[in-house]
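Undergrad: Sending over a structure as structure tokens; questions will come in a sec.
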Amino acid sequence: MNAPHQARKRFGQNFLTDAQVIGRIVDAVAPQAGECLVEIGPGLGALTDPLVARLGHLHVVEIDRDLIARLKQRYGPDRLTIHEGDALDFDFSRLGVPLRVVGNLPYNISTPLLFHLAEFADGVRNMTFMLQKEVVMRMVAEPGSADYGRLSVMLQYRFRMGRLFDVPPEAFRPAPKVTSSIVRMVPRPPQDRTAQDEALLAQIVTAAFGQRRKTLRNTLREFLREEDFAALKLDPGLRGERLTVADFVAIANHCGARQGK
Ligand code: SAM
């Protein structure tokens, strides 16, 4: 019998203990036998157990060696392939396509992890995550809302996203301070991603939201002159939070075409 695991704050460890919530999340994932699925941060196995039961085999990426040792005791390699290490460096394209990704993600690295995962969107069928509700609200935010920003634009460019349901702090041990939400992310097909230069799009979006209270005339000074605003039919007196994802793509493509001349 193992001694109880001491939750490690530095690894964002809040373990799900509410059986009803666990069942609801697994039902939302709806794993089908034979699918290629990876769980990020299996922890003590709250989601891992029902996922392995339904799938037959599961990949997991886990950083905590103590938890890895427990997982190895519980499952043979025929049922669980354990990738030991940091999910932020993990090459998800190694696992097969189409890949499904799930996880009760460590909240302390959620934004960089979402950006890392976005790199693998082309090989992914969908992703279902639990995150802080506040982060999920930013991911799905619409233009004009206070939550709308760089995370919303860059993720909505690559994924269709929907918030499925909320999970209260009492569903975890130790209980986090905040409410969590389940979000589903479905990659958009490559033909819908019309930015010619995605790195330029990212630079423009970062600049537009860098100083939220400033107008586009100021924040995009480096990218757009007055005549560019006119050509794009864009009011330079607006703030970045008013622009849709399509507006940002149009700006990036306009800048890219001008630079190419
Ligand atoms: N899935 C379990 C559950 O729902 O109870 C645990 C979720 S806990 C919020 C986050 C898990 O991610 C922990 O197991 C933690 O050790 C792991 N983790 C934290 N940082 C990680 C990283 N950079 N790469 C891989 N796993 C990580």
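Take 48 as the starting number for the sequence shown in our numbering and just add one per residue. C-beta: ideal position from N, C-alpha, C; glycine also. Nothing here was measured: the structure is a model prediction, and the numbers come from that model.
1) Regarding I129 and the ligand SAM, is the C-beta to nearest heavy atom distance less than 6 Å?
2) Going by DSSP in three states, L105 sits in which element: helix, strand or coil?
3) Where do the ends of the beta strand (DSSP E) carrying G257 lie?
4) What do you reckon, is the C-beta of F58 under 6 Å from a heavy atom of the ligand SAM?
5) Once DSSP output is grouped into helix, strand and coil, what is the label at D213?
6) In chain order, which beta strand (DSSP E) runs of at least 3 residues are fully inside the stretch 105 to 181?
7) Below 7 Å between beta carbons: does that hold for M184 and N151?
8) From G287 to A242, what distance separates their C-alpha atoms?
9) For E86, does the three-state DSSP call read helix, strand or coil?
10) Take every Cβ of the stretch 209 to 228, pair it with every Cβ of the stretch 58 to 74, and state whether three or more of those distances are shorter than 8 Å.
11) To the nearest angstrom, report how far apart G103 and K224 are at their CA atoms.
12) For P283, which residues of its own chain have a beta-carbon under 6 Å away from its beta-carbon, when the five flanking residues on both sides are left out?
13) Counting Cβ pairs closer than 8 Å, one from the stretch 111 to 122 and one from the stretch 182 to 198, do we hit at least three?
TA: Judging by the given coordinates:
1) No, the beta carbon of I129 sits no closer than 6 Å to any heavy atom of the ligand SAM.
2) It is a strand residue.
3) No beta strand (DSSP E) contains G257, which is instead part of the alpha helix (DSSP H) from 245 to 257.
4) Yes; taking the cut-off as 6 Å, the Cβ of F58 has a heavy atom of the ligand SAM nearer than that.
5) DSSP, reduced to helix, strand and coil, places D213 within a strand of the structure shown.
6) Whole beta strand (DSSP E) segments, 3+ residues: 105 to 109, 127 to 131, 146 to 151, 171 to 179.
7) Between M184 and N151, the C-beta spacing is not below 7 Å.
8) CA-CA distance, G287 to A242, rounds to 18 Å.
9) E86: strand per DSSP, three-state reduction.
10) In this structure the stretch 209 to 228 touches the stretch 58 to 74; the number of beta carbon pairs closer than 8 Å is three or more.
11) When rounded, the distance between both Cα atoms is 35 Å.
12) Closer than 6 Å at the Cβ level, and outside the excluded window around P283, lie L263, R264, F276.
13) No: the two stretches stay apart, fewer than three of their Cβ pairs being nearer than 8 Å.
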